[in-house]
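In our numbering, the protein residues as written are -9 to 152. Where a beta carbon is used, it is the ideal one built from N, C-alpha and C, also for glycine. Note that the structure is a prediction, hence the values are computed from the model and not measured. Shown next, in structure tokens, is the structure this report addresses.
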């Protein structure tokens, strides 16, 4: 059973039972049962929608990114912006053992995905916004194409991609 569903059921049932027992001392039984059942559904639904499963952590306590839907293991991921067609597109940048993948956010107006095989990356260097402040990475592909991403931890990306 899914962790979120299990927690929602347990939370809703425990709260509903406790609230029903409390109400039995204050109001008639039919009202207590109705209010207890309603509260169990409301609390269970709230737990389901607001519970976020704990982050996976490795032995050293660092969070581990997990895997992509296709099963490829993620070595590194970070929120990023991709400079694409003169505009920045927000999303997530993933690094696997075979490729670099950028996927735009689901709520982004410009839906965009880009997958770059690692063997096509010829050069990786810091990218400076407006030529002044280094805020991202610039990839030069074997074809000569330049791809730019704005990321927070650019040193780590440069180290891993070089």
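Nearest-angstrom Cα separation, counted from residue j out to residue i
i, j, result
"residue -6", "residue 2", "12 Å"
"residue 34", "residue 14", "21 Å"
"residue 155", "residue 98", "The question about residue 155 has no answer, for the chain in this structure spans -9 to 152."
"residue 0", "residue 25", "18 Å"
"residue 144", "residue 130", "15 Å"
"residue 68", "residue 135", "23 Å"
"residue 141", "residue 150", "14 Å"
"residue 57", "residue 63", "4 Å"
"residue 147", "residue 74", "19 Å"
"residue 19", "residue 39", "30 Å"
Residue j beta carbon less than 7 Å from that of residue i
i, j, result
"residue 72", "residue 139", "yes"
"residue 29", "residue 6", "yes"
"residue 124", "residue 132", "no"
Per-residue burial, residue i [other beta carbons within 10 Å of its own, 16 or more giving buried]
i, result
"residue -2", "buried"
"residue 61", "exposed"
"residue 122", "exposed"
"residue 108", "exposed"
Going along the chain, which unbroken runs of the beta strand (DSSP E) with 3 or more residues stay wholly within the region 122 to 148? Within the region 122 to 148, the complete beta strand (DSSP E) runs of at least 3 residues are 123 to 131 and 136 to 141.
Hey, is the region 112 to 119 in contact with the region 95 to 104, meaning 3+ C-beta pairs nearer than 8 Å? Between the region 112 to 119 and the region 95 to 104, the count of C-beta pairs closer than 8 Å stays below three; the two stretches do not touch.
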